[in-house]
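**Q** The sequence shown begins at 964 in our numbering and counts up one residue at a time.
C-beta atoms are modelled at their ideal positions from N, C-alpha and C, and glycine is treated no differently.
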Amino acid sequence: MKILIVTKSFFPQLGPRSFRATELAKALSANGHDVEVLTFFNKEHANFSAENGVKINHFSSYLFSSPGKYLLKILNGALTKLGQSEKLNFPDSLIFFTILLNARKIVSANFIISIAKPHSINWGIAYLRDKRKNRITKWIADCGDPFYNNPFRKYSSIFKSLDNLFYKKVDYVTVPVDISLNSYDPIYLNKFHIIPQGFDVAKDMKFRELYVENSPISFAYAGNFYKDKRDPKELLTYLSKSNKDFKFYIYTNSKWVRDYIPADDKRFILTGFINRDLLINKLSQLDFLISINNDGGVQSPSKLIDYAIAGRPILVLENNKVDYRLEQFMNKNFLEQTVVDLDLFDIHKISQKFINIGNETI
């Protein structure tokens, strides 16, 4: 089967959407499908393409090229001062026009898998499908989060017509967890399928390090935070007041969490995102791992999969709350750990689910 994956995020970028697109492209190619990826340029794509048998085409787009990004930076600064940048989903909303500029590469595809966010990718494909009748044979849109009814973002209503057009024109929508269905319009739920995030679990487990008990107890959190939605304030405040010795490694790009940590408290080690393979290696050497549930129950952190691959006990806390289990874990009592069935996230099974949906008769 010839498959076109349209995505903003792809290898070597880090993040759930990049991992989704990258792992899916690799697995589909390994299973004998003719896979092409349409994404933004990165100099590492040539080696990736050669190693994985995946053809990579790049968007033609002035705005998202090197000279265009300077203009985007100026526009974004102006919109930010006006308080409109986030509401307008800028600059990601402009990818709608990037899709239109690359129409020839898209409408000739037999089977498209689009990866959102940004949802402007879906809006562009929906617009092309509406204007060029029946040119796209089959289209699956994989959505990590809803655009509207997203607890982390509140966008302007000016995109409503494009968002509605997307749901009308897409054949199927895939989401990673069933709880997110509550955020979508019920009239379109017949188009939805649940397909979890997928990874090459057997390969990833090779990055584990042999675990040796740490002294002092050492644990980690990996991923971004969102104020009031996936907020670590109570956790960090509780730990900073503790008299216990520990090491808490925080792998995040959410720099504002420094405000919750005393500047002279060396028990907290804050660092940015690192390569996923290296992250799994680092996590596998710690005593336990912490995840925080999202407030609103729409999304599910994909970090739980990486945690499970790392093989260490997992403590899942509710947003901005601390309970008795934290003390249990600090005392190396892991009886109430969260267990993740990695078999559900095997990329070879996940990729086949996309093929099965693509073979359905609409």
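1. Excluding five sequence neighbours on each side, which residues of the same chain lie with their C-beta closer than 8 Å to the C-beta of D1134?
2. Helix, strand or coil: how does DSSP classify V1164 here?
3. Report the partner residues of N1112 according to the DSSP bridge assignment.
4. Counting only the same chain and skipping the five closest in sequence on each side, list residues whose C-beta sits under 6 Å from that of A988.
5. According to DSSP, is F948 helix, strand or coil?
6. For L1125, which residues from the same chain have a beta carbon less than 6 Å from its beta carbon, with the 5 sequence-adjacent residues on both sides left out?
7. Which residue marks the beginning of the alpha helix (DSSP H) containing F1011, and which one marks its end?
8. If you scan the stretch 1055-1109 from start to end, which runs of the alpha helix (DSSP H) of 4 or more residues do you find wholly inside it?
9. Quick check on Y1174: does DSSP put it in helix, strand or coil?
10. With distances taken between CB atoms, is the gap from P1272 to I1253 smaller than 7 Å?
11. Short check: CB of I1310 to CB of D1093, under 7 Å?
12. Secondary structure at Q1262, three-state DSSP: helix, strand or coil?
13. Which of the three DSSP states, helix, strand or coil, is assigned to F1129?
14. Between F1170 and the rest of its own chain, which residues show a CB-CB distance below 6 Å, the 5 nearest in sequence each way excluded?
15. May I ask you to list the residues that DSSP assigns as paired with R1193?
16. If you draw a straight line from the C-alpha of K1295 to the C-alpha of L1246, how long is it?
17. Would you call the CB atoms of S1083 and F1059 closer than 7 Å?
18. What residue from S972, L977, F973 and G995 has the CA that sits closest to I1318's CA?
19. Name the DSSP bridge partner or partners of A1183?
20. So what does V1136 bridge to, in DSSP terms?
21. What is the C-beta distance between F1308 and G1161, in whole angstroms, given that I count them as a contact (C-beta under 8 Å)?
22. Please tell me whether K1196 and Y1223 are closer than 7 Å, where the distance is taken between their beta carbons.
23. Within 10 Å of its beta-carbon, does K965 have 16 or more other beta-carbons around it, so buried, or fewer, so exposed?
24. Any idea which residues DSSP pairs F1231 with across the strands?
25. Could you give the distance in angstroms between the alpha-carbon of R980 and the alpha-carbon of L1144?
26. With distances taken between CB atoms, is the gap from Y1201 to V1285 smaller than 7 Å?
27. Output needed for F1231: all residues of its chain with C-beta closer than 6 Å, excluding positions within five of it in sequence on either side, in chain order.
28. What is the DSSP secondary structure of K1117, reduced to helix, strand or coil?
**A** Let me spell this out:
1. K1101, W1102, I1103, K1154 and I1325
2. helix
3. Note: N1112 sits in no beta bridge, so no partner.
4. I968, V998, V1000 and V1017
5. A question about residue 948 goes unanswered here, because the residues of the chain that appear run from 964 up to 1325.
6. W1086
7. Counting along the chain, the alpha helix (DSSP H) containing F1011 begins and ends at H1008 to N1015.
8. Counting only runs that start and end inside the stretch 1055-1109, the alpha helix (DSSP H) elements of at least 4 residues fall at 1058-1064, 1066-1070 and 1083-1094.
9. Here Y1174 carries a coil assignment [DSSP, helix/strand/coil].
10. For clarity, residue 1272 is Ile in the given sequence; the question names Pro instead. Result no, Cβ atoms of I1272 and I1253 do not sit closer than 7 Å.
11. no
12. Residue placement at Q1262 cannot be trusted, given a pLDDT of 49 that sits under 50; what the coordinates show is reported in the next sentence. For Q1262, the secondary structure class from DSSP, reduced to helix, strand or coil, is coil.
13. helix
14. Around F1170: D1240, I1243 and N1244.
15. Under DSSP, R1193 takes part in a beta bridge, and its partners are Y1189.
16. 16 Å
17. yes
18. G995
19. Per DSSP, Y1212 and L1252.
20. A1104 and F1155
21. 6 Å
22. yes
23. exposed
24. F1211
25. 18 Å
26. yes
27. F1211 and I1224
28. Coil at K1117, not helix or strand.
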